[in-house]
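Undergrad:
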Amino acid sequence: MKNMKKWLALLLLVVLALALTACGDKKESTPTAAPAATATEAPAAAPAETKAEEPAKAEEPAAAAAPANDHPLNATYGFQWSDPTAPILNEKGAQELSFQVYSSKNASALDYNDMKIMADLFAQTNVQVNWENVSESVYSQQKNLIFGNKDNRPDAIYHAGMGAGEIIKYAKRKVLVPISDYLDYMPNFKKLLEERPDIKAQLINIEDGKIYSLPRIEEMGLLQSPNLLFLNIAWTKEAIAAGAVEGLTEDQLKDGLALSAAQMEQILTYFRDHDMNGNGKTDDERPMSFVYNNWQGNQCDLYGMFGLNDNLEHRVVVDGKITYTIQDERFKDATNFIAKWVDTGLIDKVSFEQSQDNFLANGKGMETYGAFYWWESETVVSNPENYIVCSPLVGPNGDQTICVSNNPEISTGEVILFTKCQYPEVLLAYFDRYYDPVISAQINYGPIGIVYEEERDDKGMLVQKPLPEGVTSDELRLQNAPLGIINLGEYAWNNVVHMEPRAQLRLERLQLCAKPFVPENVKPCPNLQFTLEELNTLSNYETNLNDYIRTNLISWLMKGGVSDAAWQSFQNDLNGKVNLAGIQKVYQDAYDRYMAK
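First residue of the sequence shown? That's 52 in the working numbering, and the numbers climb one at a time after it.
1) Suppose contacts are defined by Cβ-Cβ distances below 8 Å. Is Y481 in contact with V178 by that definition?
2) Should the segment 390-401 be called in touch with the segment 257-269, which here means at least 3 C-beta pairs below 8 Å?
3) Label S154 either buried or exposed according to how many other C-beta atoms from any shown protein chain fall within 10 Å of its C-beta, with 16 as the threshold for buried.
4) Ordered along the chain, which non-local residues of its own chain (more than five positions away) have a Cβ less than 7 Å from that of L596?
5) Whole beta strand (DSSP E) runs in the segment 411-480 with 3 or more residues, listed along the chain?
6) Roughly how far, in whole angstroms, is the beta-carbon of L140 from the beta-carbon of V477, given that I think they are within contact range, below 8 Å?
7) Is the CB-CB distance between D361 and C454 below 8 Å?
8) Is W544 buried or exposed, if buried means 16 or more other CB atoms sit within 10 Å of its CB?
9) Here's a check: name, in chain order, each residue in its chain whose Cβ is nearer than 8 Å to the Cβ of D643, leaving out the five neighbours to either side.
10) Quick check: the Cα distance between N278 and I373, rounded to an integer number of angstroms?
11) G649 and G212: beta carbons closer than 8 Å?
12) Is A385 buried or exposed, if buried means 16 or more other CB atoms sit within 10 Å of its CB?
13) Report yes if the CB atom of Y638 is closer than 8 Å to the CB atom of P577, and no otherwise.
14) Less than 8 Å between C-beta atoms, sequence neighbours within five positions excluded: which residues of the same chain meet that for L274?
15) Who are T45's beta bridge partners in DSSP?
16) Under DSSP, the alpha helix (DSSP H) around F621 begins and ends at which residues?
17) Report yes or no: do the segment 550-568 and the segment 181-195 share at least 3 C-beta pairs separated by less than 8 Å?
18) Between the Cα of H122 and those of D162, I168, Y236, D335, spot the shortest distance and give me the residue it belongs to.
19) Roughly how many angstroms lie between the CA atoms of Q473 and I467, to the nearest whole one?
20) What are the residues that DSSP puts in a beta bridge with W182?
21) Enumerate, from N- to C-terminal direction, the unbroken alpha helix (DSSP H) stretches of 4 or more residues contained entirely within the segment 243-322.
22) Measure the Cβ-Cβ separation of P533 and I168 and say whether it is below 8 Å.
23) How would you write the range of the beta strand (DSSP E) that M339 sits in, first residue to last?
24) Report the rounded CA-to-CA distance for D624 versus L172, giving the unit in angstroms.
25) Please look up how many angstroms separate the CB atoms of S159 and L529, rounded, as I've assumed it's under 8 Å.
26) Would you tell me roughly how many angstroms separate the C-alpha atoms of Q405 and P135, rounded to the nearest one?
27) In terms of alpha-carbon separation, which member of F357, E364, R366 lies closest to R381?
28) Ignore the nearest five residues each way along the sequence and tell me which others in D640's own chain have a CB closer than 8 Å to its CB.
29) Which of helix, strand or coil does DSSP assign to N538?
30) Considering just the uninterrupted stretch of the alpha helix (DSSP H) at I208, what are its terminal residues?
31) In angstroms, rounded to a whole number, what distance separates the CA positions of P98 and L539?
32) Could you tell me whether the Cβ atoms of D206 and F581 are closer together than 8 Å?
33) Return helix, strand or coil for Y503, following the three-state DSSP convention.
34) Using a Cβ-Cβ cut-off of 7 Å (strictly less than) and excluding sequence neighbours within five positions of R267, which residues of its own chain qualify?
35) List, from N- to C-terminal side, the alpha helix (DSSP H) runs of 4 residues or more that fit wholly inside the segment 117-145.
36) Taking the alpha helix (DSSP H) that V569 falls in, what are its first and last residues?
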């Protein structure tokens, strides 16, 4: 009996030891990712995150992509991405998977859930995207709240408007999906990056070499030159007939006319002093007009009279070097010359105060504009046939060039995915379809069946349908096209979709009156990627620089010019407290990296 008790006790100890060993070897399981959110209410408030260098705990990243031949979604949901003509998911995937995408939209646009192009994309891909649309102003208010609340984020943001600093900040915190890890699921985008290393260089995060956003690419060659000079033909003929203009005849009043600064001054003086529109008043004519510091139709081309390729940032690339026009002595001379035109009423002072909408409204009806700068005359005046487009003005010293704008035709930061997205490879395979040129055309202008005919022409190009009665092309486009990520470039314009007629007209005008006057050694500053340290330098100084330039320049132009002493003080400040040299170095280093890729 005693032996039996000993054996029972020993057996109990062995069982207990085995139990303890099993507990010690047990590992905590990793929870399965939650399905994509479908809630449409605004995210709960969270503190805004603003500083690029602010430390924060990294969030759990999305799972790494599985190999193409061993993807867990293949068997269940028929996931495929290599055949762009086939669905991405099977019917089961269409029913059981969905993605929540948050996006701002134009006020005129339909809800994206109701757009035909989105229904067509679902029919082609079987990928269910639930769109949550808000106005652009609401998105600007909610953006930081969305990023700050990790428990209630969508899967992605469309029209995200992400800057380089924001991408670096949230990439370090593992908030964003590294899209470059999923390029094998994106054949269109991957091919694009392989063929266009310049675009890839604009997307790569310098801190870790990855890509975190999708771009919009619409290359027409239009944005570099946002200004054209238009001149009223009838008014100028009257000035010539009155003998007010030297060396100019009526038969020269054709597109491409190159006027000297002296001739333009004589013309504008005549416009100012006479009742050009015949309404009995001599004070409602606007000899020359523009919209100061607007992205288009601004004052920058006037500086071309002094050989400067100025722009709103006063920053341009000359012979591979980041150059600031405000450091050039010719900028002072040009400012004083333009200020004289302002002071004598040849340039309408309202140009420095009016909004774009006011400028366009004032051009309608009775003619009041003698000469003006804009993207195109057709949107400014009621009778555009009464105006010619001029070549750049020839300055007092014989210089003739124009603004070189930094407006990009490649917009980065358009779409980002959050790491909470359970199947980023599926959503990215879906967004990859947007880079097919046929889809890009519909994303940008509107769908087949509404904007384009079902059948293409004999060259395989999309054919635009007649406009519905009472609807403009702009209205039809804004209602039916989400815009956003596309790839429309030379191949698309030659093989898939025609440029809009007004874009073709503008391109023809630029070929005549703009592009020949830009020196080959002058280039716009591209989208650049910065290190965290560089971003901090820009954050600390660039806003002050821009404010300092803006405050001084408007004062000089409106108050008769800048004295030599004031100019020297301005230069001293640029080289001192404003730290232009430090800012310039940041851009130069970033540009050198961009060119080296």
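Built from N, CA and C at the ideal position, the CB exists for glycine as well. Small disclaimer: the values here were computed from a predicted structure and weren't measured.
TA: Judging by the given coordinates:
1) Within the sequence shown, numbered from 1, the residue matching residue 481 stands at position 430. Within the sequence shown, numbered from 1, the residue matching residue 178 stands at position 127. Their beta carbons are under 8 Å apart, which means Y481 touches V178 by this criterion.
2) no
3) As a position in the sequence shown, residue 154 is number 103, starting the count at 1. The residue is buried, with at least 16 neighbouring Cβ atoms inside 10 Å.
4) Taking the sequence shown and counting its residues from 1, one reaches residue 596 at position 545. Closer than 7 Å at the Cβ level, and outside the excluded window around L596, lie V629, L631, I634.
5) 420-425, 438-441, 461-468
6) Here residue 140 corresponds to residue number 89 of the sequence shown, with the count starting at 1. Here residue 477 corresponds to residue number 426 of the sequence shown, with the count starting at 1. With 8 Å as the limit, L140 and V477 qualify as a contact, their Cβ atoms being about 7 Å apart.
7) Position 310 of the sequence shown, counting from 1, holds the residue named residue 361. Position 403 of the sequence shown, counting from 1, holds the residue named residue 454. Contact: yes.
8) As a first step, residue 544 must be located in the sequence shown, where it is residue number 493. Label assigned to W544: buried.
9) Numbered from 1 along the sequence shown, position 592 holds the residue referred to as residue 643. Around D643: no qualifying Cβ.
10) Along the sequence shown, read from residue 1 onward, the residue named residue 278 stands at position 227. Along the sequence shown, read from residue 1 onward, the residue named residue 373 stands at position 322. If you take the alpha carbons of N278 and I373, they lie about 22 Å apart.
11) Past the edges of the chain, shown from 52 to 648, lies residue 649, and the structure says nothing about it.
12) Within the sequence shown, residue 385 is the residue found at index 334, counting from 1. A385 comes out buried.
13) By one-based count along the sequence shown, residue 638 stands at place 587. By one-based count along the sequence shown, residue 577 stands at place 526. For Y638 and P577, no; Cβs fall outside 8 Å.
14) Here the question's residue 274 lines up with position 223 in the sequence shown. Result list for L274: S456, N458, P459, E460, in chain order.
15) Because the chain in this structure spans residues 52 to 648, residue 45 falls outside the shown range and cannot be described.
16) In the sequence shown, residue 621 corresponds to position 570, counting from 1. From DSSP, the alpha helix (DSSP H) with F621 extends over 615-626.
17) no
18) Residue mapping note: residue 122 aligns to position 71 of the sequence shown, counting from 1. Residue Y236 is the option with its Cα nearest to H122.
19) Here residue 473 is taken as the residue at index 422 of the sequence shown, counted from 1. Here residue 467 is taken as the residue at index 416 of the sequence shown, counted from 1. In a straight line, the C-alpha of Q473 is about 14 Å away from that of I467.
20) Position 131 of the sequence shown holds residue 182. Paired residues: V152.
21) 248-254, 284-292
22) As a position in the sequence shown, residue 533 is number 482, starting the count at 1. As a position in the sequence shown, residue 168 is number 117, starting the count at 1. A contact, by the Cβ cut-off of 8 Å.
23) Taking the sequence shown and counting its residues from 1, the one referred to as residue 339 is at position 288. Run containing M339: 337-340, per the beta strand (DSSP E) assignment.
24) Mapped onto the sequence shown, residue 624 falls at position 573. Mapped onto the sequence shown, residue 172 falls at position 121. Between D624 and L172, the C-alpha separation is close to 55 Å.
25) Walking along the sequence shown from the start, residue 159 turns up at place 108. Walking along the sequence shown from the start, residue 529 turns up at place 478. Yes, they are in contact, since the Cβ atoms of S159 and L529 sit about 4 Å apart, within 8 Å.
26) The residue you call residue 405 lines up with position 354 of the sequence shown. The residue you call residue 135 lines up with position 84 of the sequence shown. In a straight line, the C-alpha of Q405 is about 49 Å away from that of P135.
27) Counted from its first residue, the sequence shown places residue 381 at position 330. Residue F357 is the option with its Cα nearest to R381.
28) Counting from one through the sequence shown, the residue named residue 640 turns up at place 589. Result list for D640: E585, in chain order.
29) Translated into positions along the sequence shown, residue 538 becomes position 487. Strand, per DSSP.
30) As a working note, residue 208 is residue 157 in the sequence shown. Counting along the chain, I208 falls outside any alpha helix (DSSP H), though it belongs to the beta strand (DSSP E) covering 207-209.
31) Counting from one through the sequence shown, the residue named residue 98 turns up at place 47. Counting from one through the sequence shown, the residue named residue 539 turns up at place 488. Note on P98: pLDDT 31, under 50, position unreliable in the model; no value is reported.
32) Locating residue 206 in the sequence shown gives position 155, where the first residue counts as 1. Locating residue 581 in the sequence shown gives position 530, where the first residue counts as 1. In this structure, F581 does not lie closer than 8 Å to D206 by Cβ.
33) If you number the sequence shown from 1, residue 503 lands on position 452. Correct three-state label for Y503: strand.
34) By one-based count along the sequence shown, residue 267 stands at place 216. Closer than 7 Å at the Cβ level, and outside the excluded window around R267, lie S462, E465, G535, I536, I537.
35) 123-128
36) Counted from its first residue, the sequence shown places residue 569 at position 518. Counting along the chain, V569 falls outside any alpha helix (DSSP H), and DSSP gives it neither H nor E.
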